[in-house]
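Enquirer: The following block contains the structure, expressed as structure tokens.
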Amino acid sequence: MPTWQCTELGLSIVDDGDHLVIIKDGARHRAERVPPSPQVAAPPQPPAGPALEPGGTTYRHPTGGEMQLPPGWQVTQSQLGLQLVPPNAAYTHQGPAEVYTVAAQPAPGIVRVDDPRIVAYVDGGLRALIPTLGPVSAPVPLGAGISLRWSGRNPMTGAELLAVALLRLGDGAVAGVIGVGERPRVEARLPVLERIFASFRRGEGRRDPALVGVWHHWSYRGGGPTSASTSSETRRTMRLGADGSVVEGSSHEGIGNFTGRDGYGNMAWSAGYASHSGDGRTGTWTAGDGGFYITWSDGTQAAWQYQLHGVPGQRRLLLINPGQRAPYEWTEQPIVV
Numbered sequence: 429m430p431t432w433q434c435t436e437l438g439l440s441i442v443d444d445g446d447h448l449v450i451i452k453d454g455a456r457h458r459a460e461r462v463p464p465s466p467q468v469a470a471p472p473q474p475p476a477g478p479a480l481e482p483g484g485t486t487y488r489h490p491t492g493g494e495m496q497l498p499p500g501w502q503v504t505q506s507q508l509g510l511q512l513v514p515p516n517a518a519y520t521h522q523g524p525a526e527v528y529t530v531a532a533q534p535a536p537g538i539v540r541v542d543d544p545r546i547v548a549y550v551d552g553g554l555r556a557l558i559p560t561l562g563p564v565s566a567p568v569p570l571g572a573g574i575s576l577r578w579s580g581r582n583p584m585t586g587a588e589l590l591a592v593a594l595l596r597l598g599d600g601a602v603a604g605v606i607g608v609g610e611r612p613r614v615e616a617r618l619p620v621l622e623r624i625f626a627s628f629r630r631g632e633g634r635r636d637p638a639l640v641g642v643w644h645h646w647s648y649r650g651g652g653p654t655s656a657s658t659s660s661e662t663r664r665t666m667r668l669g670a671d672g673s674v675v676e677g678s679s680h681e682g683i684g685n686f687t688g689r690d691g692y693g694n695m696a697w698s699a700g701y702a703s704h705s706g707d708g709r710t711g712t713w714t715a716g717d718g719g720f721y722i723t724w725s726d727g728t729q730a731a732w733q734y735q736l737h738g739v740p741g742q743r744r745l746l747l748i749n750p751g752q753r754a755p756y757e758w759t760e761q762p763i764v765v
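According to the working numbering, the sequence shown is numbered sequentially starting from 429.
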């Protein structure tokens, strides 16, 4: 049996094949082999999207959504939301001959992307926009999602139309690509649209550090004839955390005064009311590229364009929505009235 000696320490070590025997000053000590510790598996990583095409780009939305665009394709903001623009988009005298959009919508309680409620929602919205479309096709599996189709005719040109929706479910929302246009053009784009759709993934949302803090909003309504006047006041606070949390609280006060007169013009009666209520909600926020987005804990979402004005401590935050007559104004300092 192999034997090793260390004269400085007075040790002898004998290897019998299964054990090491350590001998010192006549005492024998057995050392057993210990199997190597199992390696701890690395935590699973999110699946990577398809490889980026040479010359392509990755589009990242402030809310965290990502997709890969082939060479020449761009994303623009339009009244329809995010619009995918191919490098050689076709137009006619009446306008675009093809339109492609990317959209996402909360879907609380939905566990399958082919849920009839999802199909009915997309079908109703698209056919309300283009009434000449026929019935929606049955869902066809497409990777992790489904594909839907509609046929119809352009009432102005008579050209045959094709509409497609590529949908998938994730993070409590349904997201996808919707395209409509002259049939030959849309059919030619489908392979590219499907590659863009397959590249969808969820990344980390962006947050503008200039928005972190507590913001205040105040609004007042009042008026009415002298015999019936009402007024209401609303105060809101919105706390935007650096971690992406948002907490909103609000209080509402209302006052009403009513009077009545007899046939001689004398006051005959009067009445009034006063009310007070409050509420609150929580969620998450992201902001970037001039867009401000909130997802509340009940799944509802809100989006605005935003602008900051003023010096720190006295700034105004304007939230702008095309459907609003005036910006939604918040201030760093409470309004005193």
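Glycine is no exception: its CB is placed at the ideal position from the N, C-alpha and C atoms.
Given the structure is predicted, the values throughout are model-derived calculations rather than measurements.
Do three or more CB pairs link the segment 562-577 to the segment 512-529 at distances below 8 Å?
Expert: Flag = no, the segment 562-577 and the segment 512-529 do not touch.
Enquirer: Hey, how far is the Cα of residue 707 from the Cα of residue 616?
Expert: Residue 707 and residue 616: Cα-Cα distance of roughly 52 Å.
Enquirer: Do residue 606 and residue 593 come within 7 Å of each other at the CB atom, strictly closer than that value?
Expert: Going by C-beta atoms, residue 593 is nearer than 7 Å to residue 606.
Enquirer: When you compare the CB positions of residue 633 and residue 723, do they come within less than 7 Å of one another, or not?
Expert: In this structure, residue 723 does not lie closer than 7 Å to residue 633 by Cβ.
Enquirer: Beta carbon of residue 540, beta carbon of residue 572: below 7 Å?
Expert: Against a cut-off of 7 Å, the Cβ pair of residue 572 and residue 540 comes out as no contact.
Enquirer: Under 7 Å Cβ to Cβ from residue 499, same chain only, skipping five residues before and after it: list those, please.
Expert: So the list reads 481, 483, 484, once near-sequence residues are dropped.
Enquirer: Out of 444, 546, 682, point me to the one whose CA is closest to residue 700's CA.
Expert: Nearest option by C-alpha distance: 682.
Enquirer: Which residue's Cα is closest to the Cα of residue 529: 733, 625, 452, 677?
Expert: The option with the nearest alpha carbon to residue 529 is 625.
Enquirer: Using beta-carbon positions only, say whether residue 534 and residue 691 come within less than 7 Å of one another.
Expert: Against a cut-off of 7 Å, the Cβ pair of residue 691 and residue 534 comes out as no contact.
Enquirer: Count the other CB atoms, across all protein chains shown, that sit within 10 Å of the CB of residue 745; report buried if there are 16 or more and exposed otherwise.
Expert: So residue 745 counts as buried.
Enquirer: Relative to the C-alpha of residue 676, which residue among 685, 666, 670 is closest?
Expert: Of the candidates 685, 666, 670, the one whose C-alpha sits nearest the C-alpha of residue 676 is 666.
Enquirer: Mind checking residue 710: buried by the 16 CB within 10 Å criterion, or exposed?
Expert: It is exposed - the Cβ of residue 710 has fewer than 16 other Cβ atoms within 10 Å.
Enquirer: Specify the secondary structure class of residue 638 as computed by DSSP and reduced to three states.
Expert: Residue 638: helix per DSSP, three-state reduction.
Enquirer: Helix, strand or coil: which one does DSSP assign to residue 621?
Expert: Residue state, collapsed to three classes: helix.
Enquirer: For residue 615, which of helix, strand or coil comes out of DSSP?
Expert: Note: residue 615 maps to helix in three-state DSSP.
Enquirer: Could you please give the first and the last residue of the uninterrupted alpha helix (DSSP H) stretch that includes residue 551?
Expert: Start and end: 544-557.
Enquirer: Please work out which residues of its chain come closer than 6 Å, Cβ to Cβ, to residue 686, disregarding the five sequence neighbours upstream and downstream, and give them in chain order.
Expert: Excluding residues within five positions, the ones whose Cβ falls inside 6 Å are 656, 699.
Enquirer: Please classify residue 525: does DSSP put it in a helix, a strand, or coil?
Expert: Coil at residue 525, not helix or strand.
Enquirer: Ends of the beta strand (DSSP E) at residue 720?
Expert: Taken as a continuous stretch (DSSP letters only), the beta strand (DSSP E) holding residue 720 covers 719-724.
Enquirer: For the beta strand (DSSP E) containing residue 747, name the first residue and the last one.
Expert: From DSSP, the beta strand (DSSP E) with residue 747 extends over 744-748.
Enquirer: Ends of the beta strand (DSSP E) at residue 686?
Expert: Segment 673-689, the beta strand (DSSP E) holding residue 686.
Enquirer: By DSSP, does residue 696 sit in helix, in strand, or in coil?
Expert: It is a strand residue.
Enquirer: Classify residue 537: buried if its beta carbon has 16 or more other beta carbons within 10 angstroms, exposed otherwise.
Expert: Per the 10 Å Cβ criterion, exposed.
Enquirer: Given this structure, state the Cα-to-Cα distance separating residue 664 from residue 637, to the nearest angstrom.
Expert: Whole-angstrom Cα-Cα distance: 21 Å.
Enquirer: Pick helix, strand or coil for residue 517, following the three-state DSSP scheme.
Expert: Correct three-state label for residue 517: coil.
Enquirer: Let me make sure I understand the geometry here. Which of 715, 688, 650 has the alpha-carbon closest to that of residue 733?
Expert: Out of 715, 688, 650, 715 has the C-alpha closest to the C-alpha of residue 733.
Enquirer: Does the beta-carbon of residue 591 have 16 or more other beta-carbons within 10 angstroms, so that it is buried, or is it exposed?
Expert: Result: buried.
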